[in-house]
Amino acid sequence: SRLLTLLILLSAGIIISSTVNSQPTSLTKEEMLYYTSMWKGERFPDGRPKVPDSVIERMKYVSVTEAWQNLNSMRDEENQGPTSFGEFRMPAYTNQYVGGWKQLREGVVVCGRASTMHFLPYRPDLNGLIQQQGQKDGRGRGQYTWGIDQLQKGDVYVANVCEGILDASHVGDNLGTTIWTKTGNGAVIRGTLRDMFGNLEIDDNWNVFVRDFRPQANSSNLCIGVNCPLQVGYVTVMPGDVVLATNEGICFIPPQLAQRVIDISEKTRMQDVWAHMGVRQGRFTAQQADGAYTPEMNAEFTQWLKDNVNTMGKFFDDPKAAPSPEFIRAYIK
């Protein structure tokens, strides 16, 4: 497949494209539809999956631990076909988390739809051809802005800038202001950030996850793809993935699994709140609180749900984190 070929060529430092494109690894609309075909919902005009805002809002209350645990046991409902291991199919999404980040503003959750951009170290011959084609496509001279120009409201800008190993930064307060204005959301940059104090002044909800902070501007790379498959650490990120970035790290959630991750998380959240109360009251052992419910505990938990269908918010530090009455009623059934 072209996607697999592109990833192999990128890892080998070789770029080949059968179609002239200002970014050789960018997906066409047809390729985007094919490689994200598990998603059956709404899409952007370029084919990128558009997970509903209502799902994004609920995802903000999911912990990265819950998301990671859920993804590690999830399988797509559709047949994915043979893997490189023959007829054996990989059991779950086990490579969706990466940690070890620094943040512009700790405690501010970044959650939204991934819009990706990929940079490689500068190479004059390749850069010149990319620049020529970009001009034919009506793009500006600054390749570093090409992905930012395409951002939509609610997007999370996700960029791999040469794995962050070059001594220069991709985003300062000018691009930071642009990203925030376009998206109302944050960014994940596998690279570095400059103008830290200028970025801190943009908005109290503007947060960026980066490898580090460096003062110098970036001029030693080239843009090889916009809204393309992207490696971030040991995660393969696809355009339209749901990004969940917190103090725990970052999960990249395939769009077709987002609602399932939320549903399981909200069930777990109610169980944890109830079990923690029992532990504090001295009624439950550690094993029981960790899921080894007795029949009596199950009955008590169900009754607790029934008694608090419309008042669940009082048990949470943030009442908005509580599952909705409709969700609780469905769970009881």
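First residue of the sequence shown: 252, per our numbering; consecutive thereafter.
Here a beta-carbon is modelled for each residue, glycine too, at the ideal position from N, C-alpha and C.
- Counting only runs of 4+ residues, the alpha helix (DSSP H) found wholly inside the stretch 425 to 510 occupies 447 to 451, in chain order.
- For Pro546, no beta strand (DSSP E) encloses it; the enclosing alpha helix (DSSP H) starts and ends at 546 to 558.
- DSSP, read as helix, strand or coil, puts Arg294 in strand.
- Here Met368 is actually not in contact with Ala318; their C-beta atoms are around 23 Å apart, not less than 8 Å.
- A Cβ-Cβ distance of about 10 Å is found for the pair Ala537 and Ala526, leaving them out of contact under the 8 Å criterion.
- In this structure, Cys362 sits near Val494, with a CB-CB distance shorter than 9 Å.
- For Met283 and Arg299, the gap between their C-alpha atoms comes out near 6 Å.
- Excluding its 5 nearest sequence neighbours in each direction, Glu357 has C-beta neighbours in its own chain below 7 Å: Asn498, listed in chain order.
- Residue environment: Glu452 is assigned as exposed (fewer than 16 neighbouring CB atoms within 10 Å of its CB, all protein chains considered).
- The stretch 421 to 438 and the stretch 517 to 536 do not touch, with fewer than 3 CB-CB distances between them shorter than 8 Å.
- For Phe370, the pairing in a beta bridge is given by DSSP as Val412, Cys474.
- Distance between Pro570 and Leu417, taken at the CA atoms: about 44 Å.
- Bridge partners of Ser420 according to DSSP: Ala468.
- Under the three-state reduction of DSSP output, Gln354 falls in the strand class.
- Asn478 counts as buried, since no fewer than 16 other beta carbons sit within 10 angstroms of its beta carbon.
- With the rule of 3 Cβ pairs closer than 8 Å, the stretch 389 to 402 does not count as touching the stretch 446 to 466.
- Take the alpha-carbon of Gly405 and the one of Glu308: they are about 10 Å apart.
- Here Gly379 carries a helix assignment [DSSP, helix/strand/coil].
- Under the 10 Å beta carbon count, Asp304 is surrounded by fewer than 16 other beta carbons and is classified as exposed.
- For Thr316, the enclosing alpha helix (DSSP H) has its first and last residue at 315 to 322.
- With 16 or more other Cβ atoms inside 10 Å of its own Cβ, Asp492 counts as buried.
- Pairing Leu402 with Asn561, the inter-Cα distance amounts to about 38 Å.
- Taking a 10 Å sphere around the C-beta of Arg580, we find fewer than 16 other C-beta atoms and assign the residue as exposed.
- Here Val349 has Val483, Gly484, Tyr485, Val486, Gly500, Ile501 as same chain residues with Cβ atoms under 7 Å from its own Cβ, once five neighbours each way along the sequence are excluded.
- Secondary structure note for Tyr582: its alpha helix (DSSP H) is the uninterrupted segment 576 to 583.
- The DSSP-derived three-state label of Asp327 is coil.
- Around the CB of Asp388, fewer than 16 other CB atoms lie within 10 Å, so the residue is classed as exposed.
- For Val306, the enclosing alpha helix (DSSP H) starts and ends at 304 to 310.
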